[in-house]
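These protein sequences, in sequence, are chains A and B.
According to the numbering used here, the stretch in the first sequence is residues 10 to 123, in order.
According to the numbering used here, the stretch in the second sequence is residues 2 to 113, in order.
Working notes, structure below.
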Amino acid sequence: GENVEQHPSTLSVQEGDSAVIKCTYSDSASNYFPWYKQELGKRPQLIIDIRSNVGEKKDQRIAVTLNKTAKHFSLHITETQPEDSAVYFCAASGASGSARQLTFGSGTQLTVLP
Amino acid sequence: DAGVTQSPTHLIKTRGQQVTLRCSPKSGHDTVSWYQQALGQGPQFIFQYYEEEERQRGNFPDRFSGHQFPNYSSELNVNALLLGDSALYLCASSNGMNQPQHFGDGTRLSIL
Chain A
10 GENVEQHPST LSVQEGDSAV IKCTYSDSAS NYFPWYKQEL GKRPQLIIDI
60 RSNVGEKKDQ RIAVTLNKTA KHFSLHITET QPEDSAVYFC AASGASGSAR
110 QLTFGSGTQL TVLP
Chain B
2 DAGVTQSPTH LIKTRGQQVT LRCSPKSGHD TVSWYQQALG QGPQFIFQYY
52 EEEERQRGNF PDRFSGHQFP NYSSELNVNA LLLGDSALYL CASSNGMNQP
102 QHFGDGTRLS IL
C-alpha cells in the first residue's frame, strides 16, 4: 500500500519568514495530494490540494509543488503569521476504482514566533 | 450551510463493549469516509461509503463496521473494544468518491 513520509516533524520560524514542509510517497499510481491544517482540538481543515497533472498550485500565501518523477511534494507558506501555527498533514491518494483512500503523513508542528 | 457533524463529541467505554459513532455529511455531499487518529499521529483510513455500500476499506479488523443511510449519514460501529481503540474518530464527507474530503470535529473515544 501507499506510504507517506513527512519532514520535518517540528518547524519554528519567525513571523514573516517562509516555511516549507516536504513529503514523499511510495505509490507511483497516486494522483491526488491534499494538505490539511489541524489546530489543537479542532478538525483537520483542507487548505490546498494538487492533482498529478499539475506541477504547482498557489492560493495567496500558500503554494504546493509536486515532482512526480521523484515522488515528492511540498507545502510552502510565505509571510508566516502567528495564526499559521498548527499541525500540518500531507496526504496522498490514488483512486482505486472510483473510491479514494487518503494516506496521511505523520504531521509537522509549525510554530510561528512573533 | 452546515458542515460535517459528528456525535457524540466524547465517549468513554470499557474493554469488550461496543460503540456506535454517527456522522452527518456536509450539505450536498454523498460520500462518507471514516478515519482513526491516534494522539500525535496522522489520520488512518478505516473505510469509505457511497450509495450505502462500503467502497474501500483500510487495514482495520472486522470489529470495525459501518453503515450509510439513504440520507447519506453514516455510522461507525466498533465491537469488542480494546484499549488500543482509544483515539479521535474522524468522519470526512465529499461530493463523490473521488473528490476533496472535508472533516468533522471528530468523536474522542476513550477505553478504560
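C-beta: ideal position from N, C-alpha, C; glycine also.
Return helix, strand or coil for residue i, following the three-state DSSP convention.
i      : result
B/Y31  : For the sequence presented, residue 31 of chain B should be read as Asp rather than Tyr. In the structure shown, B/D31 sits in coil (DSSP, three-state: anything other than H, G, I, E or B).
A/D93  : helix
B/G67  : strand
B/L84  : helix
B/S8   : strand
B/L40  : coil
B/T15  : coil
A/S27  : coil
A/A101 : strand
A/L111 : coil
B/Q100 : coil
At what residues does the beta strand (DSSP E) containing residue i begin and finish?
i     : result
A/D58 : 54-60
A/F82 : 81-86
A/D68 : 65-68
B/N78 : 75-79
A/F42 : 41-47
B/R58 : 54-58
B/R1  : This structure does not reach residue 1 of chain B, given that chain B is present from 2 up to 113, and the question cannot be answered.
B/R23 : 20-25
A/N76 : 71-76
A/E14 : 13-16
Taking Cβ-Cβ distances shorter than 8 Å, what residues in chain A pair up with residue i?
i      : result
B/F46  : Q110, L111, T112
B/H103 : L55
B/D63  : Those within 8 Å of B/D63 in chain A number zero; the least Cβ separation is about 18 Å.
What residues in its chain sit with their C-beta under 7 Å from that of residue i, if we drop five residues either side in the sequence?
i      : result
B/M98  : T32, Q49, Y51, R56
B/V79  : Q19, V20, R64, F65, D86
A/P123 : E24, P91
B/G67  : W35, F48, Y50, E55, S75, E76, L77, N78
Would residue i and residue j be called neighbours here (beta carbons separated by less than 9 Å)?
i      : j     : result
A/L75  : A/S61 : yes
A/K80  : A/S35 : yes
B/G43  : A/F42 : no
B/L113 : B/R16 : yes
If I measure Cβ to Cβ from residue i and keep anything under 6 Å in the same chain, skipping five residues before and after, which residues do I get?
i     : result
A/E65 : T74
B/S8  : R23
To which residues of the same chain is residue i closer than 8 Å at the C-beta, ignoring the five residues directly before and after it?
i      : result
A/G116 : Q15, S18, Q47, V96, Y97, F98
B/N96  : G29, H30, D31, T32
If the cut is a Cβ gap below 7 Å, which residues of chain B does residue i touch?
i     : result
A/P43 : P101
A/D58 : P101
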